[in-house]
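Undergrad: Numbering (this note's numbering), first residue to last: 4 to 235. Note that the Cβ used here is the ideal one computed from N, Cα and C, for glycine as well.
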């Protein structure tokens with residue numbers, strides 16, 4: 004920004020409101036051609052991310068166009084926006100992996116899962132206006148490997164909410180009133196490339212450095228990515 008708008012570092016063109024080009028340093032005396040003006044798209048800031056639509060019907064997203072994230076704005080919850088993760092695979096495969104629970108004992112044994120506990124108790128998804136949701140109860144802990152704070156026999160509730168096609172949330176019910184919400188936004192770069200954005204909300208350990216959250220989150224998703232990238 005240069006006080007008059009956004010300045011391009013290549014040739015110094017300045018763009019003002021609505022993407023209109025307002026200054027061309029190379030030929031300031033000439034009228035600015037219409038083709039110099041930029042196409043603009045609606046943008047909404049939410050969950051620490053900027054959302055847009057490249058084929059909008061109007062300047063604002065329709066109700067329900069962006070998925071709701073449980074607890075994000077609630078008092079007592081820490082808002083964490085993890086660094087994005089690039090995955091060499093289709094966004095649909097990534098979101099499918101995020102929603103799958105049967106792979107825990109095979110893919111996530113280094114991060115949190117128990118290789119001797121592969122059982123998936125029955126659960127049934129239900130349709131919603133924009134996708135589906137499901138509550139999945141199991142004895143597979145969600146603490147990082149080597150940490151066990153749950154009482155004996157504790158059953159973990161993982162509440163999945165999916166907003167088709169490429170966003171979903173996972174709310175994990177920890178012992179007591181502790182909650183962890185992971186937002187999974189798989190943004191297609193191409194048919195074979197995905198940029199994953201992962202806002203997180205939690206109401207425990209809020210005094211701890213967020214770098215630990217970044218590191219654990221990346222470990223888990225990179226375990227998933229290795230499998231997604233290996234599949235055709």
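By Cβ distance, which residues of its chain are closer than 8 Å to residue 56, with the 5 residues on each side in sequence left out?
TA: Within the chain shown, the letter at position 53 stands for residue 56. So the qualifying residues of the chain are 44, 45, 64 and 68.
Undergrad: By how many angstroms is the C-alpha of residue 26 removed from the C-alpha of residue 40?
TA: For the purposes of this step, residue 40 is taken as the residue at position 37 of the chain shown. For the purposes of this step, residue 26 is taken as the residue at position 23 of the chain shown. Roughly 11 Å separates the two Cα atoms.
Undergrad: For residue 54, write down the residues that DSSP places opposite it in a beta bridge.
TA: Numbered from 1 along the chain shown, position 51 holds the residue referred to as residue 54. Partner(s): 47.
Undergrad: Three-state secondary structure (DSSP) at residue 215?
TA: Position 212 of the chain shown, counted from the first residue, corresponds to residue 215. In this structure, DSSP gives residue 215 a helical state, which the three-state scheme calls helix.
Undergrad: Which of the three DSSP states, helix, strand or coil, is assigned to residue 102?
TA: The count along the chain shown starts at 1 and reaches residue 102 at position 99. Note: residue 102 maps to helix in three-state DSSP.
Undergrad: Per DSSP, residue 187 is paired with what?
TA: By 1-based counting over the chain shown, the position of residue 187 is 184. BP columns for residue 187 point to 171.
Undergrad: Compare the C-alpha of residue 157 against each of 32, 169, 143 and 149 and name the closest.
TA: Along the chain shown, one-based indexing puts residue 157 at 154. Here the closest residue by C-alpha is 143.
Undergrad: Just the Cα atoms here: how many angstroms apart are residue 92 and residue 189?
TA: As a working note, residue 92 is residue 89 in the chain shown. As a working note, residue 189 is residue 186 in the chain shown. Rounded to whole angstroms, residue 92 to residue 189 spans 10 Å at the Cα level.
Undergrad: What residues in its chain sit with their C-beta under 8 Å from that of residue 98, if we drop five residues either side in the sequence?
TA: Along the chain shown, read from residue 1 onward, the residue named residue 98 stands at position 95. Only 165, 168, 169, 170, 171, 187 and 189 meet the Cβ criterion.
Undergrad: For residue 89, list the residues DSSP reports as bridge partners.
TA: By 1-based counting over the chain shown, the position of residue 89 is 86. The partner list for residue 89 (beta bridge, DSSP) reads 198.
Undergrad: On the DSSP letters alone, give me the boundaries of the alpha helix (DSSP H) that residue 137 sits inside.
TA: Locating residue 137 in the chain shown gives position 134, counting from the first residue. Not the alpha helix (DSSP H): residue 137 falls in the beta strand (DSSP E), residues 134-141.
Undergrad: Between the Cα of residue 220 and the Cα atoms of 42, 146, 136 and 181, which residue gives the shortest distance?
TA: For the purposes of this step, residue 220 is taken as the residue at position 217 of the chain shown. Nearest option by C-alpha distance: 146.
Undergrad: In whole angstroms, what separates the C-alpha of residue 123 from that of residue 207?
TA: By one-based count along the chain shown, residue 123 stands at place 120. By one-based count along the chain shown, residue 207 stands at place 204. So the alpha carbons of these two residues sit roughly 27 Å apart.
Undergrad: Taking C-alpha atoms, which residue in 210, 195 and 113 lies nearest to residue 150?
TA: Stepping through the chain shown from its first residue, residue 150 is reached at position 147. That would be 113, whose Cα lies nearest to the Cα of residue 150.
Undergrad: Relative to the C-alpha of residue 53, which candidate in 84, 120 and 90 has its C-alpha closest?
TA: The residue you call residue 53 lines up with position 50 of the chain shown. Looking at the Cα atoms, 84 is the closest of the given residues.
Undergrad: Counting beta carbon pairs with one atom in the region 222-234 and one in the region 126-137, are three or more of them shorter than 8 Å?
TA: As far as the Cβ criterion goes, the region 126-137 does not touch the region 222-234, which means the pair count is below three.
Undergrad: Going by DSSP in three states, residue 94 sits in which element: helix, strand or coil?
TA: Stepping through the chain shown from its first residue, residue 94 is reached at position 91. Of the three classes helix, strand and coil, the one that applies to residue 94 here is helix, per DSSP.
Undergrad: Return helix, strand or coil for residue 207, following the three-state DSSP convention.
TA: Here residue 207 corresponds to residue number 204 of the chain shown, with the count starting at 1. Looking at residue 207 - three-state DSSP - the assignment turns out to be coil, as it is neither helix nor strand.
Undergrad: Hey, out of 227, 232, 4 and 233, whose CA is closest to residue 116's CA?
TA: Along the chain shown, read from residue 1 onward, the residue named residue 116 stands at position 113. Minimum Cα distance to residue 116 is reached at 227.
Undergrad: How many angstroms separate the CA atom of residue 100 from the CA atom of residue 10?
TA: Translated into positions along the chain shown, residue 100 becomes position 97. Translated into positions along the chain shown, residue 10 becomes position 7. If I take the Cα positions, the gap works out to 41 Å.
Undergrad: If we count the other Cβ atoms within 10 Å of its Cβ and call it buried at 16 or more, is residue 174 buried or exposed?
TA: Taking the chain shown and counting its residues from 1, one reaches residue 174 at position 171. Flag for residue 174 reads buried.
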